[in-house]
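Heads up: the structure comes next, in structure tokens.
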Amino acid sequence: MSNGRYEDSQLYRIRHSAAHVMAQAMLERFPEAKIAIGPPIEDGFYYDFDLPRPVTEEDLEWVENRMKEIIRGNHPFTMREVSASEALEFFKDQPYKVELIKDLVSGRVDENGNEIAAPAEKITFYTHDTFTDLCRGPHVANTSEIDPEAISITFKKPAGAYWRGDEKREQLTRIYGTAWENKEQLDDYLNRLEEAKRRDHRVVGEKLDLFTFSPLVGKGLPLWKPKGALLRDTLERWLRQIQIENGYEPVVTPHIGNLNLYRTSGHYPYYKDSQYAPIQIDEEEYLLRPMNCPHHIMIYKSEMRSYRDLPVRYAEFGTVYRYEQSGELHGLTRVRGFTVDDAHLFVTPDQVLPEFKRAVQLIQHVFNTLGLTDFRARVGLRDPQSDKYVGDDAQWERAARDIIQACDDLGLTYTVEEGEAAFYGPKLDFIFRDALKRNWQLGTVQVDYNLPERFELEYVAEDGSRQRPVMIHRAPFGSLERFIGILIEHFNGAFPPWLSPVQVLLIPITDRHVPYAESVAAKLADVGIRAEVNSGKARMGAKIAIGREQHIPWMLIMGDRDVEANAVSVRLRTDEDLGSMPVDEFIALAKRVIDEKSLSLS
RNA sequence: GCCACCAUAGCUCAACGGUAGAGCAACCGCCUUGUAAGCGGUAGGUUAUGAGUUCGAAUCUCAUUGGUGGCUCCA
């Protein structure tokens, strides 16, 4: 946002007002509807209704057309202060409004569900045309300020939403709208949505043969196909190597563990609702592990530790299983079985700051290499109001100080947000903004005093005393599944060559060029370049079209001229034509780009 | 889990109460091709599953399963 707060912008007033216009039109369509709330949101607005029947597409079209009519009526928006009793009388048939007014007057929460410090001093109504709503504004002065061609409510399907976001309360129908200053902006926005749909990792993943799901295997359990597994394995091998270079030691632990392990860690029964139910076997109960930390802790605990051994850094691509509500599953970004690029660092209190910094630097290196440069850091501290956190104040303060110190030392741009801590300690999260300007929480580094306490971890200090280590949890990718899902959408399937499942597509022009293509492919394979020959009967143009669709970085076209010269004609997936070059020259070029993990193709 | 919507060939879709079809992919031929899909043919479906209504169901009803958009949740 270039100029000030969204709440103060004209766009905000347009959207807020459009929400009222929509409510008016909806009430005309559904006179018995009960209205809830209708605030502006990012890119638009919504209004929640309690309706006698489901909304159809025809309803939405009717309402949208009616909205345009109302807007064209040039109705002024007028504000009026009313007393609580007057407000209650006016909305006596609107139970949701009554509840809102009562909460406003009693000073509990405002219309958006935010707690308010004191009872509202005044209640205001906004009226345009025939519709009056409980609202504190602001609005446009007149509906003429809204461009009737710059709104849409048919662009998105109605959705269910709980009254006041509480799943124990009424389920309402939420109608989403979008509104802009002019038609061009609306079209831009709709195009952005279309682009996001095209880039959807579920669609692209299917097209590129990366992964699939099978109801017979189970919901939320992705199956990686060879090309997806190759991409994933490339990432894993790369990070594993970086970690070894940074003093991490790979460990391997099982995917299930005795329930008592999770009782000790505190995950069970506290997070029981988001775990697979325990498995009973031989009088014992086992849990599909929801986290890797307890397993790594038991390795730490398997021997006596000296301060000289610390820091101990255990890393594992550890697969975990969590019960996610069925409605929350979404492609690779929300699954029930996923792999965390997990590592647990066991350090002395003095080592927290330097180790934390090293972990952050490692994450920065990972992101920068992938070209994920648009990210910000968020320091998550505990919510001072809440008692859901463990550990004493001094530890929390020290950890928070260390994290902020680390950010300052590294020159990170960061925000500090209360209530974003893990229950066992403060943390630093990296929020990445992808090519479509959407935010994703990726890597995380967390300081933990709790688990060492619960598992009674120790090391022998210089003076011979037993001391408690501190743990640092960190994961640059977070979940491999989610991370790759995000990469797919960010790159639109056009991965940097070192990650591309197929790096080179060889296209012989006629059958007689196939043996030559195969000999070139063999040379490429010799130096570790992933190449495929398309020896099918299709014409060259068709093969190029397929290669483009698969976003294969390099296409090598070869006919008589190339065979003659022991050359290949190089075409990039960006449609750039590098012309003919000797085979060895191309191999050197591709090898350099791949080895450098370059983001460009030449 | 909740609300709404959806489910037809491997993929994208058509048929909308009266015999299930197309394009792409696959397979087989022909063409032997120079930078964004040459031509012809073959095969592929108890219309997600199970009940029901009907003379007759892909089509209407109900249930189940799976998916989609949101909500809630995400240690």
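If you're matching positions, the first sequence starts at 526 in the working numbering and goes up one per residue.
Ideal placement from N, C-alpha and C gives every residue a C-beta, glycine not left out.
These numbers were taken from a predicted model, which means no experiment stands behind them.
How would you call residue i, buried or exposed, if buried means at least 16 neighbouring beta carbons within 10 angstroms?
{"i": "K693", "result": "exposed"}
{"i": "K952", "result": "buried"}
{"i": "Y795", "result": "exposed"}
{"i": "A1042", "result": "buried"}
{"i": "M829", "result": "exposed"}
{"i": "V742", "result": "exposed"}
{"i": "K722", "result": "exposed"}
{"i": "Q535", "result": "exposed"}
{"i": "M1080", "result": "buried"}
{"i": "Y825", "result": "buried"}
{"i": "S1094", "result": "buried"}
{"i": "A1046", "result": "buried"}
Of all the options the options, which has the alpha carbon lying nearest to the alpha carbon of residue i?
{"i": "V985", "options": "P601, P836, R538, P577", "result": "P836"}
{"i": "L1030", "options": "P1078, A1067, M996, D1036", "result": "P1078"}
{"i": "F948", "options": "V995, K913, L935", "result": "K913"}
{"i": "P1040", "options": "I595, D1087, M1080", "result": "D1087"}
{"i": "R578", "options": "W749, R762, Q800, T698", "result": "T698"}
{"i": "D618", "options": "D568, E557, L870", "result": "E557"}
{"i": "I676", "options": "N590, Q889, S534", "result": "N590"}
{"i": "R1037", "options": "K1048, H1015, K1062", "result": "K1062"}
{"i": "K744", "options": "G782, V588, G856", "result": "G856"}
{"i": "I678", "options": "T655, P803, M551, L1012", "result": "M551"}
{"i": "S911", "options": "A919, G936, I888, G944", "result": "G944"}
{"i": "R999", "options": "D933, E606, A802, V865", "result": "V865"}
{"i": "K1122", "options": "P673, I1011, R883, G896", "result": "G896"}
{"i": "I781", "options": "L760, I806, R765, I769", "result": "I806"}
{"i": "L746", "options": "F738, G753, G916", "result": "F738"}
{"i": "K962", "options": "Q549, M823, Y714, G662", "result": "Y714"}
{"i": "E606", "options": "E987, G662, E942, I560", "result": "G662"}
{"i": "G730", "options": "I1013, E720, L1124, R1064", "result": "I1013"}
{"i": "I804", "options": "H821, Q766, N785", "result": "N785"}
{"i": "E720", "options": "G1018, I888, S851", "result": "G1018"}
{"i": "E987", "options": "R923, T873, F980", "result": "T873"}
{"i": "R538", "options": "Y531, I1112, H664, V588", "result": "H664"}
{"i": "P740", "options": "S851, K752, Q768", "result": "S851"}
{"i": "L764", "options": "G1053, R727, A868", "result": "A868"}
If you drop the 5 nearest sequence neighbours on each side, which residues of the same chain put their C-beta closer than 7 Å to that of residue i?
{"i": "N1091", "result": "P1107, V1108"}
{"i": "Q930", "result": "L878"}
{"i": "R847", "result": "S799, Q800, P815, R861"}
{"i": "E624", "result": "none"}
{"i": "I928", "result": "F881, V904, P951, L953, V972"}
{"i": "V915", "result": "F948, Y949, N975"}
Within the same chain, show all residues whose beta-carbon is closer than 6 Å to that of residue i, passing over the 5 residues directly before and after it, in chain order.
{"i": "C660", "result": "Y651"}
{"i": "A544", "result": "G563, F570, Y572"}
{"i": "G1015", "result": "Per the sequence presented here, residue 1015 reads as His, with Gly not at that position. Around H1015: D959, A960."}
{"i": "L870", "result": "P836, R838, E880, I997"}
{"i": "S527", "result": "With a pLDDT of 46 at S527, under the threshold of 50, the modelled position of that residue is not reliable, and the figure given next carries that caveat. There are no such residues."}
{"i": "P1033", "result": "V1039, A1042, M1083"}
{"i": "E853", "result": "R859"}
{"i": "A686", "result": "D573, L697, R699"}
With DSSP collapsed to three states, give me the class of residue i.
{"i": "W587", "result": "helix"}
{"i": "R903", "result": "strand"}
{"i": "K477", "result": "Shown here, the chain extends from 526 to 1127; a query on residue 477 therefore has no answer."}
{"i": "H998", "result": "strand"}
{"i": "K741", "result": "According to the sequence as given, residue 741 is Leu; it is not Lys. Correct three-state label for L741: coil."}
{"i": "Y825", "result": "helix"}
{"i": "Y832", "result": "helix"}
{"i": "F1111", "result": "helix"}
{"i": "N1017", "result": "coil"}
{"i": "S677", "result": "strand"}
{"i": "Y848", "result": "coil"}
{"i": "M816", "result": "coil"}
{"i": "F570", "result": "strand"}
{"i": "G1072", "result": "helix"}
{"i": "I671", "result": "coil"}
{"i": "L976", "result": "helix"}
{"i": "I1034", "result": "coil"}
Taking 8 Å as the limit between beta carbons, can you name the residues of its chain near residue i, skipping five residues before and five after?
{"i": "N783", "result": "E809, E810, Y811, L812"}
{"i": "I626", "result": "A609, A612, L613, F616, I648, L659"}
{"i": "H792", "result": "Q800, P815, M816, P819"}
Are the stretch 1017 to 1032 and the stretch 1056 to 1064 touching, with three or more C-beta to C-beta distances below 8 Å? yes
Flag this pair as touching only if the stretch 998 to 1005 and the stretch 962 to 970 have three or more C-beta atom pairs under 8 Å; answer yes or no. yes
Does the pairing of the stretch 698 to 707 with the stretch 530 to 546 give three or more beta-carbon distances under 8 Å? yes
Across the stretch 587 to 606 and the stretch 664 to 679, are there enough close Cβ pairs to call them in contact, namely three or more that are closer than 8 Å? yes
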